[in-house]
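Participant: Once you've had a glance at the structure underneath, I'll fire off some questions.
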Amino acid sequence: MGRMGSFREKIMRFMAGRNGLDELARAESWIVLLLLLAALFSRWAPLYILALALMVHMYFRVFSRNRSRRYAENQRYAQMRYRAVVAWNQKKTRFAQRKIYRFFRCPQCKQKVRVPKGHGKICITCPKCRKEFFRKS
Ligand SMILES: [Zn+2]
């Protein structure tokens, strides 16, 4: 081990009680990398500034000792990410089904309703609130 071991120990001692690289920090580091690449190719200065600002924010969070606050931020990020993934999957499913189904929103409760295509004008009953409405399928 020798030098490497003691270096590791030093880092571990320095990082004790600090937030470290959580999911949000990891995501930020990827965005920083992408921004830097974009800045490199576009040579557009604001991108460098944005990347730098985000990097400062990322390291601030990594070295922060206010772990409960950083944890709450990370949870918010995880929730946002989860919602984005769900929304994206819904869009994907819809796109895959676009030739077979038509999608409407119930005029009363805004529930999304899926009906098979090509049956002309049909009466749709909302599965949630039982409201009936007519649409061309
Ligand atoms: Zn409804």
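In the working numbering, the protein residues as written are 1024 to 1160.
Every residue gets a Cβ at the ideal spot worked out from N, C-alpha and C, and that includes glycine.
Bear in mind the structure is a predicted one, so any value in this text is a computation, not a measurement.
Output the boundary residues of the alpha helix (DSSP H) element that contains LYS1114.
Facilitator: Taking the sequence shown and counting its residues from 1, one reaches residue 1114 at position 91. Per DSSP, LYS1114 belongs to the alpha helix (DSSP H) from 1090-1119.
Participant: If you reduce the DSSP assignment to three classes, tell me which class ILE1072 lands in.
Facilitator: Residue numbering aside, residue 1072 sits at position 49 when the sequence shown is read from its first letter. Helix, per DSSP.
Participant: How should VAL1174 be labelled, buried or exposed, when 16 other C-beta atoms within 10 angstroms of its C-beta is the threshold for buried?
Facilitator: The chain is shown from 1024 up to 1160; residue 1174 falls before or after that span and cannot be answered.
Participant: Since LYS1140 contacts ARG1125 with CB under 8 angstroms, what's their CB separation in whole angstroms?
Facilitator: Counting from 1 along the sequence shown, the entry for residue 1140 is found at position 117. Counting from 1 along the sequence shown, the entry for residue 1125 is found at position 102. Rounded, the Cβ-Cβ distance is 5 angstroms, consistent with contact.
Participant: Do the region 1085-1096 and the region 1107-1120 meet, that is, are 3 or more Cβ pairs less than 8 angstroms apart?
Facilitator: no
Participant: So for ILE1034, helix, strand or coil by DSSP?
Facilitator: On the sequence shown, position 11 is the one that residue 1034 refers to. Note: ILE1034 maps to helix in three-state DSSP.
Participant: What I want to know is whether the C-beta of CYS1152 ends up closer than 7 angstroms to one or more non-hydrogen atoms of ligand 1.
Facilitator: As a position in the sequence shown, residue 1152 is number 129, starting the count at 1. True, at least one ligand heavy atom lies under 7 angstroms from that Cβ.
Participant: Check the DSSP bridge columns for PHE1055 and list the partner residues they point to.
Facilitator: In the sequence shown, counting from the first residue as 1, residue 1055 sits at position 32. The residue you asked about is not Phe; residue 1055 is Val in the sequence shown. For VAL1055, which the question treats as bridged, DSSP gives no partner whatsoever.
Participant: Would you kindly work out how many angstroms separate the C-alpha atoms of PRO1069 and GLU1046, rounded to a whole number?
Facilitator: Numbered from its first residue, the sequence shown carries residue 1069 at position 46. Numbered from its first residue, the sequence shown carries residue 1046 at position 23. Spanning the two alpha carbons is a distance of roughly 26 angstroms.
Participant: For the beta strand (DSSP E) containing LYS1144, list its first residue and its last residue.
Facilitator: Here residue 1144 corresponds to residue number 121 of the sequence shown, with the count starting at 1. 1144-1148 is the extent of the beta strand (DSSP E) around LYS1144.
Participant: With CYS1149 and GLN1131 assumed to form a contact (beta carbons below 8 angstroms), what rounded beta-carbon distance in angstroms separates them?
Facilitator: For the purposes of this step, residue 1149 is identified with residue 126 of the sequence shown, where counting begins at 1. For the purposes of this step, residue 1131 is identified with residue 108 of the sequence shown, where counting begins at 1. CYS1149 to GLN1131, Cβ: 7 angstroms. Contact.
Participant: What's the gap between the Cα of CYS1129 and the Cα of GLN1102?
Facilitator: Within the sequence shown, numbered from 1, the residue matching residue 1129 stands at position 106. Within the sequence shown, numbered from 1, the residue matching residue 1102 stands at position 79. Between the C-alpha atoms of CYS1129 and GLN1102 there is a straight-line separation of about 27 angstroms.
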